[in-house]
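S.K.: One structure, as structure tokens, below. Some questions next.
Numbering (the numbering used here), first residue to last: 1 to 858.
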């Protein structure tokens, strides 16, 4: 609390004779006149019929004093208990006044300081240079009042504390400030049947931790500077009508109104909350800004919440003034919330001019309309580092929007005069929109759905930004940008077309940009876009721009490529699994082998020229385990056994198409070895594959799908080992192998559908091995060898249907294989094997396959 200083004087002996030396003044049944010295009133004398008129000196009114009032003070104002035109007044808490206090000229007062309890008065008026401090004070107006309970004019000043409550009774404000007066409220309470506080002319007010409860309007400023911090303003809107200067609005939380040419009020709200209820059912507003006769009122709201059952903020003009529409109102919203529960967040009425700056804030409309502008209005709204959700409806005004860095607007805009997107800003359309001038240096996303594509229509286009478009490719439709002004398409823009898995009914062009001429250029963000099974590029056709299917290069989409690669890899996975068994049969030639158990880990790398016109890599790693029993059959030796095989394969074409296959097989095999070197062995397997295809589409979005396959495979190999001099040998052979996996349906989560009836492969191989049998010092044997073979794939068609279109995933062609390895008998019970092979052909390249094994003989 700020106390107004006063000075005791030795001239007390010159005061009324009975008032000297601090003695109480007796009842006077009329005015008590104080002009000099110190006069003390206390509760020991009944002054209920007295009042004070003071021109100088010091007046002390102690706790317990009851003071009456005059019928009318000298200024013609409220009924007065104390009227001071000079000197110092000190009133303790607990003093009671039937009337109010009036201070003029340079009089000063401390009211409610010291004592106990509240000092109660019916009003306070300040004029001239009067300075008053209120502490333990309750100011309550009466129904007979014609003014606010606290009224300041001239250059008067009043300060209050948390122990001060001001209440109006009847249709009056709680506080009225005019001329160049000022008031500082700290923690006080204002209760009003009209407005909580009215600041006009060049008056100023500072409200700290203040609570205002008003029936009409919360804070009304018509000039000067108003600062509101850490305060609460509640407006119940229970009056039949208020004095709101805004057409159609009855109750307002904060009114900022310029009056005449030189009245430009400035209001700053910090860390506060303004709430306006519906009350009597009429339209309300959290904020109202009114500019009249070239005025420029400014309202700044920081770190605060403004809520109203009607509108968030309303801009208007008072038609009573000479030049409506010539002044400009400004609203700055920072780190705040502006919420309208039923209507638009911001309404700019006819002939109004509004500048709105939104930073780190939220605009929350009640009817989905963030900004509503009327005929004859001019609105400039800028959004920075904020996300705004809602529509813009312009009913004939000049409406200009700017999205600055990290400014995001989600909604439609109808008949907007201009929209400027600066870098790092984004507009997300929720329906088709119309603009006059568009300057896009940010990003605009059209978000049409199937059968409900969006169109952004602009008269003139400039900038270097991006447009995001959705397509209904199956229906040959797309979101569109339309530039209607003749020759008004300017700038360089990227089109970020959303990739999808569904395919068009036909592969014809799809229009995404329509212009009426101009030098504007458009390009796809990634140079192409995945649409269904194909990739599309952008092509100019006259004044329009179309999506057209690519005809050269990798023209299949990454989704289709992933599916086709999975189908193509089914045979190579199986051949990778059984190849280790075929090389493992060499171990059975050792005479000591009567059957046993074995295990063979393996790894391979395939490069396949797939059906999707791109090469993919298949990396496979697995293990085969089995057991067999040897016995004599005819003149030779035979083995029967069983095998379990598991491998994990990964596929990658290094262009967005990947996949994984877990392959399981269970099989039986037989081997017959003749004394003359002839051999025959066969294998039959039952297979199950767990497939997962993934694709990164052209827009960077991932899609995936899974499916299972069952199948059967078999191989037969016959050959003869010719023993040469010095333990050298040559072993030619011929082999036939085939696999068939059943059909499957694949549904990727981007909408792609693929079906294959079955996958088949039939391969024939002719080859020979050349090696030498070596004896070790420990009595074991080692047999190194090299192998050369030619393999041919006979199946010429493996049909896959993707989105209704047929594709062929066969691996038809020949390849040459070169291998080397060694098998060895370590001791009576243990033998080992290692093998490496390389293959190359026009369809398949196998940089390596390595397998190693260990066998324990019975």
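Where a beta carbon is used, it is the ideal one built from N, C-alpha and C, also for glycine.
Bridge partners of residue 794, per DSSP?
M.R.: As a working note, residue 794 is residue 794 in the chain shown. Per DSSP, residue 794 has no beta-bridge partner at all.
S.K.: On the premise that residue 646 lies in contact with residue 682, defined as a C-beta separation below 8 angstroms, what is that separation, rounded to the nearest angstrom?
M.R.: Sequence index remark: in the chain shown, residue 682 carries index 682 (1-based). Sequence index remark: in the chain shown, residue 646 carries index 646 (1-based). Incorrect: roughly 22 angstroms between the Cβ atoms, too far for contact.
S.K.: Does DSSP put residue 735 in a helix, in a strand, or in coil?
M.R.: For this step, residue 735 is matched to residue 735 along the chain shown. Note: residue 735 maps to strand in three-state DSSP.
S.K.: Compute the beta-carbon to beta-carbon distance between residue 661 and residue 689, rounded to the nearest angstrom, for a pair I have assumed lies under 8 angstroms.
M.R.: By one-based count along the chain shown, residue 661 stands at place 661. By one-based count along the chain shown, residue 689 stands at place 689. Rounded, the Cβ-Cβ distance is 6 angstroms, consistent with contact.
S.K.: Distance, Cα to Cα, residue 419 vs residue 522?
M.R.: The residue given as residue 419 occupies position 419 in the chain shown. The residue given as residue 522 occupies position 522 in the chain shown. Near 20 angstroms, if we compare the C-alpha coordinates of residue 522 and residue 419.
S.K.: Please report the residue range of the beta strand (DSSP E) in which residue 530 lies.
M.R.: For the purposes of this step, residue 530 is taken as the residue at position 530 of the chain shown. It spans 529–531 - the beta strand (DSSP E) in which residue 530 sits, taken as one unbroken run.
S.K.: Give me, in chain order, the residues of the same chain whose beta-carbon lies closer than 7 angstroms to that of residue 558; leave out the 5 immediate sequence neighbours on both sides.
M.R.: The residue given as residue 558 occupies position 558 in the chain shown. Here the set comprises 530, 655, 656, 657, 695, 696 and 697.
S.K.: My guess is that residue 186 and residue 213 are in contact by the Cβ rule of under 8 angstroms, so how many angstroms apart are they, rounded?
M.R.: Here residue 186 refers to the residue found at position 186 of the chain shown. Here residue 213 refers to the residue found at position 213 of the chain shown. About 18 angstroms separates the two Cβ atoms, so there is no contact after all.
S.K.: Should the stretch 763–774 be called in touch with the stretch 727–736, which here means at least 3 C-beta pairs below 8 angstroms?
M.R.: Cβ pair count under 8 angstroms is three or more, so yes.
S.K.: On the three-state DSSP scale, how would you describe residue 278?
M.R.: As a first step, residue 278 must be located in the chain shown, where it is residue number 278. If DSSP states are grouped into helix, strand and coil, residue 278 belongs with coil.
S.K.: Would residue 201 pass as a contact of residue 172 if the rule is Cβ separation under 7 angstroms?
M.R.: Your numbering for residue 201 matches position 201 in the chain shown. Your numbering for residue 172 matches position 172 in the chain shown. For the pair residue 201 and residue 172, the CB atoms are not nearer than the 7 angstroms cut-off.
S.K.: Does DSSP put residue 496 in a helix, a strand or coil?
M.R.: In the chain shown, residue 496 corresponds to position 496, counting from 1. Note: residue 496 maps to strand in three-state DSSP.
S.K.: Please report how far the alpha carbon of residue 150 lies from the alpha carbon of residue 182, in whole angstroms.
M.R.: The count along the chain shown starts at 1 and reaches residue 150 at position 150. The count along the chain shown starts at 1 and reaches residue 182 at position 182. Distance between the alpha carbons of residue 150 and residue 182: 12 angstroms.
S.K.: Below 8 angstroms on the Cβ atoms is my guess for residue 180 versus residue 140; work out the distance and round it to an integer in Å.
M.R.: On the chain shown, residue 180 is found 180 positions in, with the first residue counted as 1. On the chain shown, residue 140 is found 140 positions in, with the first residue counted as 1. Not confirmed; about 27 angstroms, so no contact.
S.K.: What do you reckon, are the CB atoms on residue 468 and residue 442 nearer than 7 angstroms?
M.R.: Numbered from its first residue, the chain shown carries residue 468 at position 468. Numbered from its first residue, the chain shown carries residue 442 at position 442. The answer is no: Cβ separation not under 7 angstroms.
S.K.: For residue 379, count neighbouring Cβ atoms within 10 angstroms of its own Cβ and tell me buried if that reaches 16, exposed if not.
M.R.: Position 379 of the chain shown, counting from 1, holds the residue named residue 379. So residue 379 ends up on the buried side.
S.K.: Note the first and the last residue of the continuous beta strand (DSSP E) segment covering residue 726.
M.R.: For the purposes of this step, residue 726 is taken as residue 726 along the chain shown, with counting starting at 1. First-last for residue 726: undefined, no H or E at that position.
S.K.: Is DSSP giving residue 168 helix, strand or coil here?
M.R.: Here the question's residue 168 lines up with position 168 in the chain shown. In this structure, DSSP gives residue 168 a state outside helix and strand, which the three-state scheme calls coil.
S.K.: Quick one: what's got a C-beta closer than 6 angstroms to residue 7's C-beta in the same chain, skipping five residues either side?
M.R.: The residue you call residue 7 lines up with position 7 of the chain shown. Only weak support is given to the placement of residue 7: the predicted model assigns it a pLDDT of 28, under 50, and the value that follows is read from those uncertain coordinates. Excluding residues within five positions, none has a Cβ falling inside 6 angstroms.
S.K.: Of the choices 390, 525 and 137, whose alpha-carbon is the least far from that of residue 412?
M.R.: Reading the chain shown from its first residue, position 412 is the one you call residue 412. Of the listed residues, the one whose Cα sits closest to residue 412 is 390.
S.K.: Closest to residue 437 by C-alpha separation, out of 404, 484, 473 and 409, would be which residue?
M.R.: Within the chain shown, residue 437 is the residue found at index 437, counting from 1. Here the closest residue by C-alpha is 484.
S.K.: For residue 83, count neighbouring Cβ atoms within 10 angstroms of its own Cβ and tell me buried if that reaches 16, exposed if not.
M.R.: In the chain shown, the residue the question calls residue 83 occupies position 83. When all chains shown are included, residue 83 counts as buried.
S.K.: I need the straight-line Cα distance from residue 691 to residue 755, nearest angstrom please.
M.R.: If you number the chain shown from 1, residue 691 lands on position 691. If you number the chain shown from 1, residue 755 lands on position 755. Answer to the nearest angstrom: the Cα atoms are 14 angstroms apart.
S.K.: Taking the alpha-carbon positions, what's the residue 703 to residue 567 distance?
M.R.: Mapped onto the chain shown, residue 703 falls at position 703. Mapped onto the chain shown, residue 567 falls at position 567. Those two C-alpha atoms are separated by around 17 angstroms.
S.K.: Please identify the residue among 404, 372 and 392 whose C-alpha is closest to the C-alpha of residue 386.
M.R.: Mapped onto the chain shown, residue 386 falls at position 386. Considering only 404, 372 and 392, the residue with the shortest C-alpha distance to residue 386 is 404.
S.K.: Counting only the same chain and skipping the five closest in sequence on each side, list residues whose C-beta sits under 7 angstroms from that of residue 335.
M.R.: In the chain shown, counting from the first residue as 1, residue 335 sits at position 335. Answer for residue 335: 302, 303, 360 and 361, listed in chain order.
S.K.: Which residue or residues does DSSP assign as beta-bridge partners of residue 862?
M.R.: As shown, the chain starts at 1 and ends at 858. That puts residue 862 outside it, with no answer to give.
S.K.: Quick one: Cα of residue 512 to Cα of residue 314, how far?
M.R.: As a working note, residue 512 is residue 512 in the chain shown. As a working note, residue 314 is residue 314 in the chain shown. Going by C-alpha positions, residue 512 is about 39 angstroms away from residue 314.
S.K.: Would you identify the three-state DSSP class for residue 577, choosing helix, strand or coil?
M.R.: Sequence index remark: in the chain shown, residue 577 carries index 577 (1-based). Three-state DSSP puts residue 577 in a helix.
S.K.: Please confirm whether residue 94 and residue 115 have their CB atoms less than 7 angstroms apart.
M.R.: Taking the chain shown and counting its residues from 1, one reaches residue 94 at position 94. Taking the chain shown and counting its residues from 1, one reaches residue 115 at position 115. Yes, the pair counts as a contact, with Cβ atoms nearer than the cut-off.
S.K.: For residue 12, which three-state DSSP category applies?
M.R.: Residue mapping note: residue 12 aligns to position 12 of the chain shown, counting from 1. With a pLDDT of 29 at residue 12, under the threshold of 50, the modelled position of this residue cannot be trusted, and the question is left open.
S.K.: Between residue 723 and residue 650, what straight-line distance do the alpha-carbon atoms span, to the nearest angstrom?
M.R.: By one-based count along the chain shown, residue 723 stands at place 723. By one-based count along the chain shown, residue 650 stands at place 650. Cα to Cα, the separation comes out at about 42 angstroms.
S.K.: Would you call the stretch 798–805 and the stretch 530–546 touching, i.e. three or more CB-CB distances under 8 angstroms?
M.R.: yes
S.K.: Output the distance between the C-alpha atoms of residue 840 and residue 817, rounded to the nearest integer angstrom.
M.R.: Residue mapping note: residue 840 aligns to position 840 of the chain shown, counting from 1. Residue mapping note: residue 817 aligns to position 817 of the chain shown, counting from 1. One C-alpha to the other measures close to 7 angstroms.
S.K.: Contact between the stretch 709–720 and the stretch 673–687: three or more CB pairs below 8 angstroms?
M.R.: yes
S.K.: Helix, strand or coil for residue 549, going by three-state DSSP, please let me know.
M.R.: Walking along the chain shown from the start, residue 549 turns up at place 549. Strand at residue 549.
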